[in-house]
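Every letter in the sequence shown is one number past the one before it in the UniProt record's numbering, and letter 78, counting from 1, is 78.
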Amino acid sequence: MAKMKAKEEYVQIDDMPWAPFPDAFSKGGITWRLLYVSPEAGSWTAVFECPEGSSFNAHFHTGPGEYFLYKGRMDVRGGKAEGGDTALAPGYGFESSGARHDKTYFPVPSAFYMTFSGPLAFINPDASVIANIGWEEAQGAWQAHVDAHR
């Protein structure tokens with residue numbers, strides 16, 4: 001059976017509404033915009049606005065991810081002072097499959113673009129999984145936000 005190639009898409013980012021990123025997975029008012037999902041690749045791409053003092057809760061990457069920090073600063077895995085990385089805009093980062101982040105912190109207003117290959121597994125302190133957020137969950141949350149604001 002012949003398969004069809006996925007169609008090309010374009011998104012005008014500033015024409016989209018910002019959605020609050022769930023408080024169960026972040027602190028401090030992080031917002032996001034879903035740009036693309038690829039069910040066949042199991043990936044999803046989004047942009048995030050992170051106010052000063054905001055953070056993502058503990059998680060690990062079940063697949064690799066790549067990000068471009070285009071504004072601000074992001075302390076990843078505790079930042080350089082704790083053996084992790086301190087990303088300064090403009091900066092690029094790669095997260096390997098299995099990379100664990102007990103806290104990703106934004107000490108100044110920041111923004112980044114990221115493609116996730118596979119879900120993010122948000123975890124409890126004992127590393128038990130609270131939720132897996134993959135392309136399907138991201139798409140569902142985004143669609144619910146869009147539908148609520150029509």
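Glycine included, C-beta positions come from ideal geometry on N, C-alpha and C. Fair warning: this is a prediction, and the values are worked out from it, not measured in the lab.
In the three-state DSSP reduction, E49 falls in the strand class (E or B). Note on the stretch 28-77: whole beta strand (DSSP E) runs with a minimum of 3 residues are 31-38, 43-50, 54-56, 59-61, 65-71, 73-76, in chain order. Secondary-structure assignment with DSSP links H101 through a beta bridge to H59. Remark: C-beta atoms of M114 and E40 do not approach each other more closely than 8 Å.
Annotation for C50: I30, F106, S110 place their beta carbon closer than 6 Å to its own, counting only its chain and skipping 5 residues before and after.
By the Cβ criterion, the stretch 60-77 is in contact with the stretch 90-107, since at least three pairs of Cβ atoms, one from each stretch, lie closer than 8 Å.
DSSP places A111 in the uninterrupted beta strand (DSSP E) bounded by 110-117.
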